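Colleague: Okay, here's the structure, questions in a sec.
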Ligand code: GLA
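Residue numbers (my numbering): 4 to 359.
Structure below.
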């Protein structure tokens, strides 16, 4: 077998944060930054990362506690579903920054899942790819993530965002017509240690909300139910309910090209993630505070799980660069770190790269 190459994109979620494990709505699009998986036959399972300059040979179901687990987890998930995966060499490289809120882990899992399914001629559909990729992260690596990231890496369509209902997985492609506007992603270059433990804690708190209210789903809840909650549980539930409304409003705003409204919703979302869901941090708050209310900047908010990572900025075309240097300097003065601005465009989902 000659080498076959597959690539899967990262994603930016426009809005709908911490809703995907609460039967809620999300509005992500894939970005033109990828993880590539080059696959060829071998005598044993070998995974090689160009970035980490590392090669690992593995035996299932051993875990290594490293990046290679995301790949081993995929093989493990296939085998559990009854698929036999032949030994192969999988070489990984990427231009997706790790920890910037662009979900490099889902891109890795999806590139490998799709690649193996094609190389082995498993006849499985996109939804099955999403499930296997996600099982790797949830059950093998042990991060209880929702479904948004893997779903986007598989189903994304260039120039569109995906309005996904994570309750029944129905979705609609919403044209991402940015004429006259731009989206930037600012990588804060911080990822606080507590990110994954706090993520799992938020999930538990949301489960607790349902238990207290004796509901099966957040979608059965209304404003009156909120009055029966207090403290932390009230705050978490209020965020989820409001955020779902904001996603629906954002879809309407995008459809009518009302970027001013979309920008306002981004800012409301950030405030809620900061004050109610409490997953923001000083660094991303600083970036958002610096930018909002500046001429031409329509909105900004943290993206992804939180506790560092990235900030999405919506602005009128050409205005953001005016503030970029001042923002970088202020951030450096305050935190002693260099942030990075990434220009991103939308992308299609996972694919085989032809001609190699
Ligand atoms: C991480 C998870 C997603 C989602 C976001 C928060 O990126 O992988 O499933 O829960 O956090 O919206």
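We put the beta carbon where it would ideally sit given N, CA and C, even for glycine. Everything numeric in this text was worked out from a predicted model, so none of it was measured.
(1) State buried or exposed for residue 155, treating a residue as buried only when at least 16 other CB atoms are found within 10 Å of its CB.
(2) Under 8 Å between the Cβ atoms of residue 140 and residue 146?
(3) Have a look at 129, 337 and 176 and flag the residue whose alpha-carbon is nearest the alpha-carbon of residue 288.
(4) Please report how far the alpha carbon of residue 359 lies from the alpha carbon of residue 101, in whole angstroms.
(5) Is residue 268 closer than 8 Å to residue 249 when the C-beta atoms are compared?
(6) Give me whichever residues DSSP pairs with residue 279 in a beta bridge.
(7) So what's residue 118 in DSSP terms, helix, strand or just coil?
(8) Taking C-beta to C-beta, are residue 265 and residue 302 nearer than 8 Å?
(9) Any idea if residue 316 is buried or exposed, counting beta-carbon neighbours within 10 angstroms, 16 or more meaning buried?
(10) Considering Cα atoms alone, identify which of 21, 350, 352 and 335 is closest to residue 192.
(11) Given 7 Å as the limit, tell me if residue 190 has its C-beta closer than that to any heavy atom belonging to the ligand GLA.
(12) Tell me, which residues are paired with residue 127 by DSSP?
(13) For the alpha helix (DSSP H) that residue 62 lies in, which residues bound it at each end?
(14) Whose C-alpha, out of 41, 92, 91 and 65, is nearest the C-alpha of residue 79?
(15) So for residue 75, helix, strand or coil by DSSP?
(16) Using only the alpha-carbon positions, how far apart do residue 60 and residue 48 sit?
(17) What does the alpha-carbon distance come out to for the pair residue 357 and residue 67?
(18) From this set, 194, 180 and 149, which residue's C-alpha is nearest residue 203's C-alpha?
(19) Tell me whether residue 23 is buried or exposed, calling it buried when 16 or more other Cβ atoms sit within 10 Å of its Cβ.
(20) What did DSSP end up calling residue 311 once you bin it into helix, strand or coil?
(21) Is the beta carbon of residue 20 within less than 7 Å of some heavy atom of the ligand GLA?
(22) Report the residue from 197, 40 and 209 whose alpha carbon sits nearest the alpha carbon of residue 360.
(23) Is any heavy atom of the ligand GLA found at a distance shorter than 7 Å from the C-beta of residue 16?
(24) Can you tell me whether residue 377 sits near the ligand GLA, meaning its C-beta is under 7 Å from at least one heavy atom of the ligand?
(25) Say the cut is 7 Å; is the CB of residue 75 nearer than that to a heavy atom of the ligand GLA?
(26) Is any non-hydrogen atom of the ligand GLA found closer than 7 Å to the C-beta of residue 151, if you look at the structure I gave you?
(27) From residue 195 to residue 311, what distance separates their C-alpha atoms?
(28) Tell me which residues share the same chain as residue 107 and place their Cβ nearer than 8 Å to its Cβ, disregarding the 5 neighbours each side in the sequence.
(29) My output table needs one value for residue 224: the three-state DSSP class, helix, strand or coil.
Modeller: Per the coordinate set shown:
(1) The count along the chain shown starts at 1 and reaches residue 155 at position 152. When all chains shown are included, residue 155 counts as buried.
(2) Against the chain shown, residue 140 aligns to sequence position 137. Against the chain shown, residue 146 aligns to sequence position 143. A contact, by the Cβ cut-off of 8 Å.
(3) Reading the chain shown from its first residue, position 285 is the one you call residue 288. The residue with the shortest Cα to Cα distance from residue 288 is 337.
(4) Position 356 of the chain shown holds residue 359. Position 98 of the chain shown holds residue 101. Bear in mind that the predicted position of residue 359 carries a pLDDT of just 49, short of 50, making it too unreliable to give a figure here.
(5) If you number the chain shown from 1, residue 249 lands on position 246. If you number the chain shown from 1, residue 268 lands on position 265. Cβ distance < 8 Å, so residue 249 and residue 268 count as in contact.
(6) Position 276 of the chain shown holds residue 279. In DSSP, residue 279 forms no bridge with anything.
(7) Indexing the chain shown from 1 puts residue 118 at position 115. DSSP places residue 118 in helix when its eight states are reduced to three.
(8) Start at 1 with the first residue of the chain shown, and residue 265 comes out as number 262. Start at 1 with the first residue of the chain shown, and residue 302 comes out as number 299. The answer is yes: Cβ separation under 8 Å.
(9) The sequence position of residue 316 within the chain shown is 313, counting from 1. So residue 316 counts as buried.
(10) If you number the chain shown from 1, residue 192 lands on position 189. When only C-alpha atoms are compared, the closest one is 335.
(11) Mapped onto the chain shown, residue 190 falls at position 187. No.
(12) Translated into positions along the chain shown, residue 127 becomes position 124. Answer by DSSP bridge pairing: none, since residue 127 is not bridged.
(13) The residue given as residue 62 occupies position 59 in the chain shown. Segment: none, residue 62 is in no alpha helix (DSSP H) and carries neither H nor E.
(14) Taking the chain shown and counting its residues from 1, one reaches residue 79 at position 76. Nearest option by C-alpha distance: 65.
(15) For the purposes of this step, residue 75 is identified with residue 72 of the chain shown, where counting begins at 1. Here residue 75 sits in helix by DSSP.
(16) Position 57 of the chain shown, counted from the first residue, corresponds to residue 60. Position 45 of the chain shown, counted from the first residue, corresponds to residue 48. Using only the alpha carbons, I get a separation of about 6 Å.
(17) Reading the chain shown from its first residue, position 354 is the one you call residue 357. Reading the chain shown from its first residue, position 64 is the one you call residue 67. Using only the alpha carbons, I get a separation of about 32 Å.
(18) Counting from 1 along the chain shown, the entry for residue 203 is found at position 200. Closest by alpha carbon: 149.
(19) The count along the chain shown starts at 1 and reaches residue 23 at position 20. Per the 10 Å Cβ criterion, buried.
(20) The residue you call residue 311 lines up with position 308 of the chain shown. Of the three classes helix, strand and coil, the one that applies to residue 311 here is strand, per DSSP.
(21) Working through the chain shown from its first residue, we reach residue 20 at position 17. Indeed, a heavy atom of the ligand GLA lies less than 7 Å from the Cβ.
(22) The structure shown does not extend to residue 360, since the chain is modelled only from 4 through 359, so no value can be given for it.
(23) Sequence index remark: in the chain shown, residue 16 carries index 13 (1-based). It does: the Cβ of residue 16 is within 7 Å (strictly closer) of some heavy atom of the ligand GLA.
(24) This structure does not reach residue 377, given that the chain is present from 4 up to 359, and the question cannot be answered.
(25) Within the chain shown, numbered from 1, the residue matching residue 75 stands at position 72. It does not: the Cβ of residue 75 is nowhere closer than 7 Å to a heavy atom of the ligand GLA.
(26) Here residue 151 refers to the residue found at position 148 when the chain shown is read from its first residue. It does: the Cβ of residue 151 is within 7 Å (strictly closer) of some heavy atom of the ligand GLA.
(27) By 1-based counting over the chain shown, the position of residue 195 is 192. By 1-based counting over the chain shown, the position of residue 311 is 308. About 6 Å.
(28) As a first step, residue 107 is located in the chain shown; it is residue number 104 there, counting from the start. Cβ neighbours of residue 107 beyond the five flanking positions: 13, 38, 97, 99, 100 and 101.
(29) Against the chain shown, residue 224 aligns to sequence position 221. Here residue 224 sits in coil by DSSP.
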